[in-house]
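If you read the sequences in order, they're chains A and B.
Residue numbers for the first sequence follow this note's numbering, beginning at -6 and rising by one.
Residue numbers for the second sequence follow this note's numbering, beginning at -6 and rising by one.
Note that the Cβ used here is the ideal one computed from N, Cα and C, for glycine as well.
Bear in mind that the values here come from a model prediction, so they are computed numbers and not experimental data.
Inspection log for the structure reproduced underneath, given as C-alpha cells.
There are 2 protein chains.
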Amino acid sequence: MSQNLIKNAAGRAVPTEVNGKPAIPFQGVGKYRPTGHKYGPPISTCADYPADGDKRQPDLRAALIAAGLRDGMTISTHHHFRNGDLIANQIFDIAAELGVKDLVWFPSASFPCHEPIIKHLESGVVHHIEGSMNGPLGKFASEGKMRGLGVLRSHGGRYQAVQDGEVRIDIAVIAAPTADFFGNANGLTGPSACGLLGFALADSQYADKVIVATDNLVPFPCTPWQIQGNNVDFVVEMDQIGVPEKIVSGTTKITKSPDRLYIAELTAKFCDAAGLIRDGFSFQAGAGGTSLAIGNYFGQIMREKGIKASFARGGSNKYLVEMLEEGLVGAILDGQTFDLDGVRSMRENPLHVNTSPFTSYNYHGKGNFASMLDIAILGATEVDVNFNGNVVTHSDGYLLHGIGGWQNALFGKTVILPIPLFRDRIPVIRDEVTTLVGPGELIDVIVTERGIAINPLRQDLIDATKNSGLPINSIHELKEEAERICGKPQPPALADDIIAVIKWVDGTVIDAVKAVNNE
Amino acid sequence: MSQNLIKNAAGRAVPTEVNGKPAIPFQGVGKYRPTGHKYGPPISTCADYPADGDKRQPDLRAALIAAGLRDGMTISTHHHFRNGDLIANQIFDIAAELGVKDLVWFPSASFPCHEPIIKHLESGVVHHIEGSMNGPLGKFASEGKMRGLGVLRSHGGRYQAVQDGEVRIDIAVIAAPTADFFGNANGLTGPSACGLLGFALADSQYADKVIVATDNLVPFPCTPWQIQGNNVDFVVEMDQIGVPEKIVSGTTKITKSPDRLYIAELTAKFCDAAGLIRDGFSFQAGAGGTSLAIGNYFGQIMREKGIKASFARGGSNKYLVEMLEEGLVGAILDGQTFDLDGVRSMRENPLHVNTSPFTSYNYHGKGNFASMLDIAILGATEVDVNFNGNVVTHSDGYLLHGIGGWQNALFGKTVILPIPLFRDRIPVIRDEVTTLVGPGELIDVIVTERGIAINPLRQDLIDATKNSGLPINSIHELKEEAERICGKPQPPALADDIIAVIKWVDGTVIDAVKAVNNE
C-alpha cells in the first residue's frame, strides 16, 4: 500500500490517512486542541428491552446474531483476563462460521493466547486490529501480513478515541467474572475473578450493542456494578470465560537478579535524595520484578521516615496491598489487579479503589489522575539520547508490545525509567529510538545498573541530587558505556511499508511502524 | 401567551411548542420511538486543567464567573438537600449582582426553602423553572406569574431529557457533602451528609461546566466518588452548604393515624393474598408514614413465612435499614436516603447500594430497575375512575408537587396506591384527574380505608383475591362512597392559560397545567 507521509512535530514521518480515515499528525505535547462534541451512542428505549430485566441469550453465537453482527463491523473486547482470555477467539470463530468478513478487532490489548486470530486475518474474517498486539500478532503485522494498519493507543488514548467518536464500536463483548441477567457485572468474584473491568468501561458506555459474557451468573442485583446493566443489551452464560491461573498469578515475585535489584535500589535512593519521598507523596510502580522491588524500597524508606503516601496507583499486587494494609499508603487507585491479593483487597477494602482509563488516563477529560502522581516508574524497550522512549518495538523493528498506560503515566510529575543498560547484549540507550512512543520532554530520569541520567530539562532534580553520592552521568556517557561493552548496534532492517501507527494521548499520530525486512 | 394545542393519545390538550422549542405530544405507553443519538458534551482537554488536580476557585461567585455565567444560560442544581439546600438561592443572588438575566433554573426539584427565587423570577434574573416546584414556587407559577412554561419531569425523565440533549445544561452546581480539590465527591460524610448524589449524575456527565461546592473538603482521593472529578471544572469550599436537620430527619416515623395504619395493613394483606409476597420478591415503598407502615407489615409477613426479599428500592429509612440488617432484604437499591440511618447504612453496608435516575428510572436506556420491581407502593393527589393518577396538582388546580420517581415507578409489575378516600373532605377519587401524570393502564390497585379497587386490566389480581375476604370494590363504588360522605366535588376554577407541562418518561407531553383563576 502506498501512503502519503508528513513530518510531525516530533520530526517523524507519519501517514495522513489511517485505514481510510484522515489522521492528524502529532503537534507537540499539549498542543493539539480538540473541537466538537463527545460521541453520543444511539438513544435506546426500555420499550425494546425485557421489562423483567432478563437479557439472557442462549449462547455467544445467538447474542452476536441478536446484536446484528455483519461485515465491516468493529468488535471490541477487554484484556483484564490477559493471556487467559477465552472469549475473543470464540467471537471470531463464530464470525467465520457465519461467513462474516472484514471485521475490525478493537481489543484493549491482545496477547499470545490470541494467536488463533491470525487465521482469521488471513482468511479475511478480520481486516485489521486496532489495539496492542503483544507477541505473535505483532510479529504477523510486522511482517506486513495484515491488510489494514495497526493502530496502537495507550489505555487513555483508547478511551479518548471511543469517547471522541474516532472509533465507533458496533459490538462490545465484555467478559465478566460475575454478572446478573440484567448485565450488571464486576470482576471481584467467580472463578475468573480479575478484580475490575475498567478497560471495558468505554466499550460499555459508547458501543452500539453490548454483550456481557459470564461464567458466574448471580441473582439480580450483582453489586457492586463495575459495568452497568443499563448499558448492556445481552447477557450470555458460559462454562468458562478465562483460565484463572493465566488471569492472575497466585504469587507475584520480586526480582532476584542482582543487577535488577541494584537498579531498584538506585531508583529508590534517587527518589529519596531528590526529596520526592515525603509525607503525602504518591507513586505508581507497576508489577514487574524490578518495579516490585522499588515499591518495597519505598516502603522501607517510608517506615524509616515515619511517613506515608497519600495514594499509590496500581497494577496492584501483594506488596502494594501489604503497604495499604500496613497504612503506608492511604489508598490504592487501581487500574488492574496483578495477583490474587490484589483481587481480594479490591473486593474487601474500600480504600482499594477500582479506576478506569477515564478516571486515570483520558487526556480529553477535565483532568485525570496521571498528572497528579509525584513519581511514575515505567519501563522501555529503548530510550534515546534525547530521552525519547519506545515501548512497542524491539531494536530489530518487530512490533511486539502494547503501549498500556505508559504514555498516560508520562504526565506524572517525575517520570523515571529503571532499565538495564543492555538486553541480550543489545544496548537500550540509542541515538534515536526505533519507534517514538513518548517524547523526551516528559521523561525525567533513566536509572541503569551503571548509572543514572537526568533529563537536562529537570535542573531541579540535577541540583537536588548533585551531592548525593549517587552515580549520576550524562545519557551520552551511559550510551557510550553500553556500546563499549556490546559494540555499536546495527539499525534495524526495515522495509518502506508502514504497518501500524502509534497514537499520542490526544489522538494525533506520533509515529509510524515500518514492516521488518525479512529478505 | 397564546398556545397551539393538540389532543394527545390520552385525550389531553397539550401545547406543540414549549418555551420556544417543539414538543411531542404523548403517544401512549411505550409507543414513542426515539431517534438519533445521545447528547455529547464538548470535548475537553487536560491541557486546560491544572496538572496537579487542584481545581479550587476562591468562592461560588468566582466559580460562576470562571464557568462563563451569562444571560439565557441553563443552570442546574440537585435536591438531595431537600428543604435544607443553601446553594440554589446563592447562585441566583450572585447572578442578580452580576446583572445576568433570563436564566433557566433546572433543579432536580425545588422546595419551599427556594421561595426567595420568586424575586429573581419577578426581576427577570430567572426566566422560568424546569423541574418540580414544591410549594410556593408552584403557587407562583399557578397564578400565571412565571414568564416561561414550567416543565415537570420525573426523575427518570430528567435524566432522559439531559441524556437526549432536550435540555442542555450550561452550568451545573453540585452541592457535595464531601469532595476533594479535583472534584471527586460523595454524600456519605460531612456535616451535610445526604447519603448519595444520584440526582446530580446527569448534570455531572452532560453539563458544559460543572462546579462542585462543598463544606467538607478532604485530601485527594475522596472515595468513593459518587460524582467523578473527571467531569468537574471547578471546586468551591464553603462554610455551609446545607442545613443538616432539614436534609435528613434524625427519625422517620410510622403513622399513628388509625385510618392510615388500616390502609397500610390492608395494602400488605392484599399483597399477601395476591401471592405477591414470595421468596425473592422485590418492593419499593417510600418514606411517608403510611409507606413505612406497609414496609413494616411486609417485614412481619416475611418473618412469618420465613422468606426474604431479593431487594428493596429506597428512599431508605431506619425501618428499611433494619430489614437489610436483619437479612429480610438482600439489598437496598437506594435513590435517596431519608434519615440518618439510611446515610450510615449506605456508608457502611456494601449491600446498601447508591443508585441514580440512570440505573433506576431512565426510560431511554437499555432497561432500568423500575420495571423489575414486583410491588411499587406510590401515592397520589387524585385518581380517577379510569385509574389515571395525578401527583402534581391539588383538586383546586394548584401545582404544588413534583413528580419525583412516581411516573418511573409505575412500570413496576404491580403498582398499588394506598390513599385516603378523601382529604379535608375533598374526595381523592374523581371522574377525571385534574392533571394526568400517570396513565391508568399502569396503575393496578387503589387501597383506601373503605375498600380496595383493582384495575379491570389485572384480571389475575382479581382472581387471586376473589375469596380473600378483603373488602374489594369497584372504583366507582369507592368514588360514590366518598361523594356520599363529602358531596360531589366542584371542578377547579381554571383559566385558559397554560402555565406548565407534564412530561411523560419518554419526553413527550402527557398533560398541561392551567393557571388557577383567582378572580
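Close Cβ partners of residue i (< 7 Å) along its chain, the five nearest in sequence each way excluded
i: ARG140/B; result: HIS120, HIS121
i: GLU230/A; result: ARG49, THR207, LEU210
i: GLN219/B; result: ALA178, ASN179, GLY180, LEU189, LEU190, ASN347
i: VAL118/B; result: PHE85, ALA88, ALA89, VAL93, LYS94, LEU96
Neighbour flag for residue i against chain B, beta carbons, 9 Å
i: PRO214/A; result: yes
i: GLY222/A; result: yes
i: LYS24/A; result: yes
i: VAL502/A; result: no
i: VAL203/A; result: yes
i: LYS48/A; result: yes
i: GLY335/A; result: no
Close Cβ partners of residue i (< 8 Å) along its chain, the five nearest in sequence each way excluded
i: ALA2/A; result: PRO18, PHE19, GLN20, GLY21, LYS24
i: TYR391/A; result: GLY131, LYS132, SER135, VAL509
i: PHE415/B; result: VAL421, ALA475, ILE478, CYS479
i: ALA154/B; result: ARG146, VAL160, LYS496, GLY500
i: ARG451/B; result: THR407, ASP437, VAL438
i: GLU10/B; result: GLN(-4), ASN(-3), ALA16
i: GLY397/B; result: ALA102, SER125, SER147, HIS148, VAL384
i: LEU471/A; result: LEU414, ILE422, ILE439, THR441, ARG443, GLY444, ALA446
Residue i at chain A interface by Cβ criterion, 9 Å
i: GLY382/B; result: no
i: ASN406/B; result: Contrary to the premise, residue 406/B reads as Lys rather than Asn in this sequence. Yes, contact with chain A.
i: MET(-6)/B; result: Any reading at MET(-6)/B must be qualified, since the residue scores a pLDDT of 48, below 50, and its modelled position is unreliable; the value itself is stated next. Not one chain A Cβ lies under 9 Å of MET(-6)/B.
i: ASP226/B; result: yes
i: GLY323/B; result: yes
i: GLY273/B; result: yes
Outcome for residue i when other beta-carbon atoms lying within 10 angstroms are tallied against a minimum of 16
i: PRO51/A; result: exposed
i: HIS357/A; result: buried
i: ASP424/B; result: exposed
i: ASP377/A; result: buried
i: ASP459/B; result: Here residue 459/B turns out to be Lys, not Asp, going by the sequence shown. Label assigned to LYS459/B: exposed.
i: LYS481/A; result: exposed
i: THR70/A; result: buried
i: GLN156/A; result: buried
i: ALA223/A; result: One detail in the question is off: residue 223/A reads as Asn in this sequence, not Ala. Burial call: buried.
Interface residues of chain A facing residue i [CB-CB closer than 9 Å]
i: LEU326/B; result: PRO214, THR216
Interface partners of residue i on chain A, CB under 8 Å
i: ASP499/B; result: THR38
Sequence-distant residues of its chain with Cβ nearer than 6 Å to residue i (five each side left out)
i: SER309/B; result: ILE325, ASP327, THR330, GLY335
i: PRO109/A; result: ASN82
i: LYS311/B; result: THR245, ASP332, ASP334
i: ALA278/B; result: SER284, ILE287, GLY288, ILE370
Residue i at chain D interface by Cβ criterion, 9 Å
i: LEU454/B; result: Within the model displayed, chain D is absent; protein chains A and B are what it includes.
With 7 Å as the limit, tell me which residues of the stretch 167 to 195 of chain A have their beta carbon closer than that to any beta carbon of chain B; keep them in chain order.
Residues of the stretch 167 to 195 of chain A that bring their beta carbon within less than 7 Å of a beta carbon in chain B comprise PHE175, in sequence order.
Output needed in chain order: residues of the stretch 339 to 369 of chain B with a Cβ under 8 Å from some Cβ in chain A.
PRO343, LEU344, VAL346, PHE351, THR352, ASN355, TYR356, HIS357, GLY358, LYS359, GLY360, ASN361, PHE362, SER364, MET365
Relative to chain A, which residues along the stretch 28 to 45 of chain B have a C-beta separation below 9 Å, given in chain order?
THR28, GLY29, HIS30, LYS31, TYR32, GLY33, PRO34, PRO35, ILE36, SER37, THR38, CYS39, ALA40, ASP41, TYR42, PRO43, ALA44, ASP45
May I ask you to list, following chain order, the residues of the stretch 298 to 309 of chain A that have a beta carbon less than 9 Å from some beta carbon of chain B?
SER303, PHE304
Can you give me, in chain order, the residues of the stretch 151 to 163 of chain A that have a beta carbon less than 8 Å from any beta carbon in chain B?
GLN156, ASP157, GLY158
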